[in-house]
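Chains as they are written, first to last, in this note's numbering: chain A, 1 to 146; chain B, 1001 to 1119.
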């Protein structure tokens, strides 16, 4: 009798685990968004510091120094460290074919951050490009699971 | 053009360099055991981390002059390179699905580039 009730219980636990893995991955995409926001914010600060000298991108040395001494860029890369740990954890418990499409959500957040926080221009060509890249990452991720 | 070609080139080159990082990390991971010395004296892991660092420096340099919404999605070329290196160095199979993913990412990057030039 116990075996009759035990059969449907196994997938229920599985579904719960997979749902948790999916939620962790969605949290991962938000972390990527936050990390990219911080890195861009810091990069803009580096550019502003050097703007009195000349315009354009900063020197290679300034970029190296920036990663370690600019608080925004440094915290951005720390978030990437947290992202990596969480993602590896999620990969253990979830199905890759579901997790890879979810991870491409990061592109959506980054595009929204670009427009809202940094007043970047959005046009149909850029939107299409981002959507196609998301599809590509999804297909590539799913292809790697088989 | 809001994001100069030089910044796009920096981010693309950074992504290609970063894709080697994954290869070195995987290579180094094969030689790992439970002892701490196997991590510290593992030159492949060190090269992997150094490679990621170099890739990050190029990414930050590119980001100081350009749009986040153009440059960040371009990092996805790294996935294409990782696919290529894992085929060359670890004999992983390139399936039709993986090729389709590569094609889509490349087309997406071209669209982004045109979108960047359009305004």
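Glycine included, each C-beta is placed from N, C-alpha and C at the ideal position.
*Compute the beta-carbon to beta-carbon distance between residue 99/A and residue 72/A, rounded to the nearest angstrom, for a pair I have assumed lies under 8 Å.*
Rounded, the Cβ-Cβ distance is 29 Å, inconsistent with contact.
*Enumerate in chain order the residues of its own chain whose CB-to-CB distance from residue 70/A is below 8 Å, with the five nearest sequence positions on each side excluded.*
Taken in chain order, the residues that qualify are 42, 45, 46.
*Could you give the distance in angstroms between the alpha-carbon of residue 1043/B and the alpha-carbon of residue 57/A?*
32 Å
*Endpoints, alpha helix (DSSP H) assigned at residue 71/A*: 71-93
*residue 37/A and residue 130/A: beta carbons closer than 7 Å?*
no
_Suppose contacts are defined by Cβ-Cβ distances below 7 Å. Is residue 25/A in contact with residue 103/A by that definition?_
yes
_Closest by C-alpha distance to residue 140/A, when choosing among 1106/B, 1117/B, 1101/B, 1114/B_ = 1101/B
*Just the C-alpha distance for residue 1009/B and residue 1068/B, rounded to the nearest angstrom, thanks.*
14 Å
*Residues of the region 1056-1074 of chain B whose Cβ lies closer than 9 Å to any Cβ of chain A, in chain order*: Close to chain A, meaning a Cβ-Cβ distance shorter than 9 Å, are the following residues of the region 1056-1074 of chain B: 1056, 1057, 1058, 1059, 1060, 1061, 1062, 1063, 1064, 1065, 1066, 1067, 1068, 1069, 1070, 1071, 1072, 1073, 1074.
_Neighbourhood of residue 16/A by C-beta, 7 Å cutoff - its chain only, sequence neighbours within 5 removed_ = none
*Kindly say whether residue 1101/B, judged by its beta-carbon, lies nearer than 7 Å to any beta-carbon of chain A.*
yes
*asked:* Just to confirm, is the Cβ distance from residue 1072/B to residue 1047/B under 7 Å?
replied: Going by C-beta atoms, residue 1072/B is not nearer than 7 Å to residue 1047/B.
*Under the rule that 16 or more other beta-carbon atoms within 10 Å means buried, what is residue 28/A, buried or exposed?*
buried
_Is there a C-beta anywhere in chain A that falls below 7 Å from the one on residue 1019/B?_
no
*In angstroms with no decimal places, state the Cα-to-Cα distance between residue 33/A and residue 80/A.*
10 Å
*If you draw a straight line from the C-alpha of residue 945/B to the C-alpha of residue 1007/B, how long is it?*
What is shown of chain B runs 1001 to 1119, which leaves residue 945/B out entirely.
*asked:* What residue range does the alpha helix (DSSP H) around residue 1029/B cover?
replied: 1005-1030
*Using a Cβ cut-off of 7 Å (strictly closer), state whether residue 1082/B contacts chain A.*
no
*What residues in the region 121-137 of chain A have a beta carbon less than 9 Å from any beta carbon of chain B?*
Hits within the stretch, in order: 121, 122, 123, 124, 125, 126, 127, 128, 129, 130, 131, 132, 133, 134, 135, 136, 137.
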